[in-house]
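**Student:** Chains W and R, in that order, are what the protein sequence lines are.
Residue numbers for the first sequence, in the working numbering: 1 to 285.
Residue numbers for the second sequence, in the working numbering: 1 to 285.
In this text, a Cβ means the ideal position worked out from N, Cα and C, and glycines have one as well.
Just dropping this structure here.
Number of protein chains: 2
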Amino acid sequence: MSRIDASFGVCALLGYPAHHSMGPAIHNAAFEALGLPLVYVAHDVAPADLAAAVAGARALSYRGLSITMPHKVAALGLVDEVDATAQAVGCINTVVNRDGRLLGHNSDGQGALDALERAGVRTQGRRVLVLGSGGAARAVGMTMAMRGQPACLEILGVVDEELCRLGRDVAARTDAKVKTCRLDEESLAAAVASADVLLHCTPVGMTPDTDRSLVAPELLRPDLAVFDAVYNPRRTLLIEQAAARGCPVVLGMEMFLGQAMVQFELWTGHKAPAEVMRKVIEARL
Amino acid sequence: MSRIDASFGVCALLGYPAHHSMGPAIHNAAFEALGLPLVYVAHDVAPADLAAAVAGARALSYRGLSITMPHKVAALGLVDEVDATAQAVGCINTVVNRDGRLLGHNSDGQGALDALERAGVRTQGRRVLVLGSGGAARAVGMTMAMRGQPACLEILGVVDEELCRLGRDVAARTDAKVKTCRLDEESLAAAVASADVLLHCTPVGMTPDTDRSLVAPELLRPDLAVFDAVYNPRRTLLIEQAAARGCPVVLGMEMFLGQAMVQFELWTGHKAPAEVMRKVIEARL
Chain W
1 MSRIDASFGV
11 CALLGYPAHH
21 SMGPAIHNAA
31 FEALGLPLVY
41 VAHDVAPADL
51 AAAVAGARAL
61 SYRGLSITMP
71 HKVAALGLVD
81 EVDATAQAVG
91 CINTVVNRDG
101 RLLGHNSDGQ
111 GALDALERAG
121 VRTQGRRVLV
131 LGSGGAARAV
141 GMTMAMRGQP
151 ACLEILGVVD
161 EELCRLGRDV
171 AARTDAKVKT
181 CRLDEESLAA
191 AVASADVLLH
201 CTPVGMTPDT
211 DRSLVAPELL
221 RPDLAVFDAV
231 YNPRRTLLIE
241 QAAARGCPVV
251 LGMEMFLGQA
261 MVQFELWTGH
271 KAPAEVMRKV
281 IEARL
Chain R
1 MSRIDASFGV
11 CALLGYPAHH
21 SMGPAIHNAA
31 FEALGLPLVY
41 VAHDVAPADL
51 AAAVAGARAL
61 SYRGLSITMP
71 HKVAALGLVD
81 EVDATAQAVG
91 CINTVVNRDG
101 RLLGHNSDGQ
111 GALDALERAG
121 VRTQGRRVLV
131 LGSGGAARAV
141 GMTMAMRGQP
151 ACLEILGVVD
161 EELCRLGRDV
171 AARTDAKVKT
181 CRLDEESLAA
191 AVASADVLLH
201 CTPVGMTPDT
211 DRSLVAPELL
221 RPDLAVFDAV
231 YNPRRTLLIE
241 QAAARGCPVV
251 LGMEMFLGQA
261 MVQFELWTGH
271 KAPAEVMRKV
281 IEARL
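Written as structure tokens, this is what we have:
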């Protein structure tokens with residue numbers, strides 16, 4: 001007999017494509033582990049259909065949504081309320097349905113912060129360096145500035161306009177001491193040398209380019225904590241070289257897990273079963 | 001690890017309320033038995049939200065819908081195409097999504113016809129009597145007239161306008177020889193006496209009024225096949241008395257199963273696993 005009956009609430013991923021996501025496997029395993037009457041599905045939604053899909057999720061009393069590419073920015077304009085972090089990041093990846101009112105959140109940056117905390121990497125009062133200025137860098141950098149209490153935040157990137165906007169927005173919306181700089185060999189060496197925590201948030205090193213890293217191994221010191229947002233491969237060249245140098249390392253997989261745990265807790269009000277969820281991710285990576 | 005991943009398609013029930021339906025348990029058991037990557041959920045949808053819910057199901061690429069009270073008539077106007085039977089019945093209980101085009105069907109009447117066939121009760125060339133003129137009677141009577149090839153169809157009811165409209169519609173839309181008559185003791189006795197197949201489609205005998213039957217036991221002859229659309233209780237007083245008289249009997253549960261099997265086959269293109277589905281219904285009735 002099936003576990004799922006008419007009492008079950010529905011959570012779903014909206015993406016385009018959505019049908020290769022790990023989300024359903026992760027969240028369904030977590031729902032089952034806690035015996036919660038919830039099921040999580042994935043919907044391929046073309047951009048032209050996003051508004052109808054969100055309205056539909058409301059009409060169909062969905063409990064929650066995950067929002068992924070390419071809908072994260074557009075979805076922010078379709079919900080009833082957006083929390084401060086997501087507002088500052090400028091996009092949402094999570095929606096909670098509170099009695100027909102759709103609340104938008106962004107769990108990506110918090111997922112990274114939680115991953116650092118689980119690994120025992122402190123950010124309070126420390127110098128944090130973010131590499132990149134795209135979507136991941138923006139979520140991680142902004143959330144770090146808002147909640148991570150770093151002594152200072154330096155952001156290096158190669159897309160000037162994006163980098164400039166991120167620096168300006170962090171300065172305008174948070175109390176963090178923030179500095180941006182165009183990423184090149186020289187600025188990178190200087191920034192890494194003066195950082196305590198390095199957060200790599202560019203796609204460099206991602207499959208298939210697994211033999212690349214932005215950071216030369218000789219820059220890595222054992223007292224530098226290294227996080228890589230890339231989770232495919234599980235251990236990037238940056239992570240391998242940092243580990244070899246004795247740095248504390250935090251894998252992108254842990255951020256991916258972390259953002260899913262934040263979503264789970266927003267939807268259910270229950271503490272997310274980290275081990276259950278990690279096992280699903282490990283089995284699929 | 002959960003069975004349900006991102007490749008799964010979604011079917012759902014829209015009703016108000018929907019959360020006590022047996023549909024999810026039945027269809028999920030059937031999907032699982034055949035290893036199909038589908039999951040079925042139930043959504044409570046208020047009448048004011050029905051249009052957004054149907055549009056949402058389209059935007060979310062739902063594979064199929066079940067439509068139940070109070071949405072069966074309104075939903076007919078929200079789909080792109082309605083098959084001839086559902087058009088004649090005047091409401092839909094099933095929607096199939098063919099590449100974004102929503103096709104409406106009504107499986108209730110066919111569910112009754114299939115139940116009769118599974119029980120070995122022939123209707124071709126035989127005199128069929130329908131008791132009632134409401135939703136169930138309309139679906140069963142109209143489908144019988146369109147597909148059951150009865151020698152003649154007599155319909156007795158107590159709501160004159162409804163009865164009159166049903167008789168008129170059957171005459172206008174089918175080749176069946178149809179007659180309607182106000183249901184009273186005398187007309188009922190005469191109609192039962194000249195019928196080969198009796199289809200009871202009123203709520204009489206339903207829980208909590210399980211000690212009632214429209215048909216006096218002395219009217220029941222062993223050569224009269226007796227079907228009761230009521231499935232709660234599983235064996236109504238009418239069914240018990242008919243069985244005691246030696247009549248072939250067909251339970252409402254079998255119509256309920258039959259309409260679910262038709263839905264399953266419309267959504268999946270696979271033969272429905274009758275035994276798996278019956279087991280779920282039996283466990284819940």
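Within 10 angstroms of the Cβ of R:H270, are there 16 or more other Cβ atoms? Answer buried if so, exposed if not.
**Tutor:** Classification for R:H270: exposed.
**Student:** Please check if any C-beta of chain W sits within less than 9 Å of the C-beta of R:R3.
**Tutor:** Output row for R:R3: interface = yes.
**Student:** Run down chain W in chain order and give the residues with a C-beta less than 7 Å from the C-beta of R:E32.
**Tutor:** Neighbours of R:E32 on chain W, chain order: S2.
**Student:** Does DSSP put R:F31 in a helix, a strand or coil?
**Tutor:** Helix at R:F31.
**Student:** Given that a residue counts as buried once 16 or more other Cβ atoms are within 10 Å of its Cβ, and exposed if not, what is W:E254?
**Tutor:** That one is buried.
**Student:** Whose C-alpha, out of R:M146, R:L78, R:C152, R:L38, is nearest the C-alpha of R:A84?
**Tutor:** Minimum Cα distance to R:A84 is reached at R:M146.
**Student:** Around the Cβ of R:H71, are there at least 16 other Cβ atoms within 10 angstroms (buried) or fewer (exposed)?
**Tutor:** Under this definition R:H71 is a buried residue.
**Student:** Run through DSSP, which three-state label would W:F256 get?
**Tutor:** Helix.
**Student:** State yes or no: is the beta carbon of W:A6 nearer than 9 Å to at least one beta carbon in chain R?
**Tutor:** Answer yes: the Cβ-Cβ gap between W:A6 and chain R drops below 9 Å somewhere.
**Student:** What would DSSP say about R:A42, mapped onto helix, strand or coil?
**Tutor:** Correct three-state label for R:A42: strand.
**Student:** Where does the unbroken beta strand (DSSP E) through R:G104 begin, and where does it stop?
**Tutor:** 101-105 is the extent of the beta strand (DSSP E) around R:G104.
**Student:** Do you know how far the Cα of W:T123 is from the Cα of W:F227?
**Tutor:** Taking the straight line from one Cα to the other gives about 12 Å.
**Student:** Given a limit of 9 Å on CB to CB distance, which residues of the segment 55-67 of chain R reach chain W?
**Tutor:** Per Cβ criterion, the list reads A55, G56, A57, R58, A59, L60, S61, Y62.
**Student:** Between which two residues does the beta strand (DSSP E) carrying R:R118 extend?
**Tutor:** Segment 108-118 is the alpha helix (DSSP H) holding R:R118; no beta strand (DSSP E) there.
**Student:** Anything in chain W within Cβ reach of R:N28, meaning under 7 Å, just list it in chain order.
**Tutor:** Result: S2, I4.
**Student:** Closer than 9 Å, CB to CB, is R:M22 near chain W or not?
**Tutor:** Yes, because at least one Cβ of chain W sits closer than 9 Å to the Cβ of R:M22.
**Student:** Are any of the Cβ atoms in chain W nearer than 9 Å to that of R:L78?
**Tutor:** No, R:L78 lies away from the interface with chain W (no Cβ there is under 9 Å from its Cβ).
**Student:** Can you list the residues of chain R that W:D49 reaches, using a CB-CB cut of under 7 Å?
**Tutor:** Here the neighbours are A59.
**Student:** Kindly list, in the order they appear in chain R, the residues whose Cβ is closer than 8 Å to that of W:A25.
**Tutor:** Correct list: M1, S2, I4, D5, A6.
**Student:** For chain R, find out if any of its Cβ atoms is closer than 9 Å to the Cβ of W:A112; answer yes or no.
**Tutor:** Cβ-Cβ to chain R under 9 Å: no for W:A112.
**Student:** What is the DSSP secondary structure of W:G64, reduced to helix, strand or coil?
**Tutor:** It is a strand residue.
**Student:** To which residues of the same chain is R:V89 closer than 8 Å at the C-beta, ignoring the five residues directly before and after it?
**Tutor:** Cβ within range, chain order: N106, D108, G109, R138, A139, M142, T143.
**Student:** Any idea what DSSP makes of W:G246, helix, strand or coil?
**Tutor:** Coil, per DSSP.
**Student:** Alpha helix (DSSP H) containing W:C164: first to last residue?
**Tutor:** Its alpha helix (DSSP H) spans residues 160-173.
**Student:** Around the Cβ of W:P150, are there at least 16 other Cβ atoms within 10 angstroms (buried) or fewer (exposed)?
**Tutor:** Buried: at least 16 other Cβ atoms inside 10 Å.
**Student:** If you reduce the DSSP assignment to three classes, tell me which class R:K72 lands in.
**Tutor:** DSSP places R:K72 in helix when its eight states are reduced to three.
**Student:** In three-state terms, what does DSSP make of W:L13?
**Tutor:** Of the three classes helix, strand and coil, the one that applies to W:L13 here is strand, per DSSP.
**Student:** Under a CB-based cut-off of 9 Å, is W:H270 close to chain R?
**Tutor:** Not closer than 9 Å to any Cβ of chain R, the Cβ of W:H270 fails to qualify, so no.
**Student:** Identify whether W:L156 lies in helix, strand or coil by the three-state DSSP scheme.
**Tutor:** In this structure, W:L156 counts as strand in the three-state DSSP scheme.
**Student:** Going straight from the alpha carbon of R:A46 to that of R:M69, what length do you get?
**Tutor:** C-alpha separation (whole angstroms): 11 Å.
**Student:** In whole angstroms, give me the CA-to-CA distance for R:E185 and R:A195.
**Tutor:** Those two C-alpha atoms are separated by around 15 Å.
**Student:** What distance in whole Å lies between the Cβ atoms of W:A75 and W:H301, which are believed to be in contact at a cut-off of 8 Å?
**Tutor:** Outside the shown range of chain W, which is 1 to 285, sits residue 301 of chain W, and nothing can be said about it.
**Student:** Three or more C-beta pairs under 8 Å: does that hold for the segment 19-32 of chain R against the segment 260-269 of chain R?
**Tutor:** Judged by Cβ distances under 8 Å, the segment 19-32 of chain R makes contact with the segment 260-269 of chain R, as three or more pairs qualify.
**Student:** Between W:V159, W:V170, W:E162, W:L183, which lies nearest to W:G148 when the distance is taken from Cα to Cα?
**Tutor:** Residue W:V170 is the option with its Cα nearest to W:G148.
**Student:** Go ahead and label R:P24 buried or exposed: buried means 16 or more other beta carbons lie within 10 angstroms of its beta carbon, across all protein chains shown.
**Tutor:** Flag for R:P24 reads buried.
**Student:** Where are the alpha helix (DSSP H) runs, 4 residues long or more, that stay fully inside the segment 172-212 of chain W, in chain order?
**Tutor:** The qualifying runs are 185-193.
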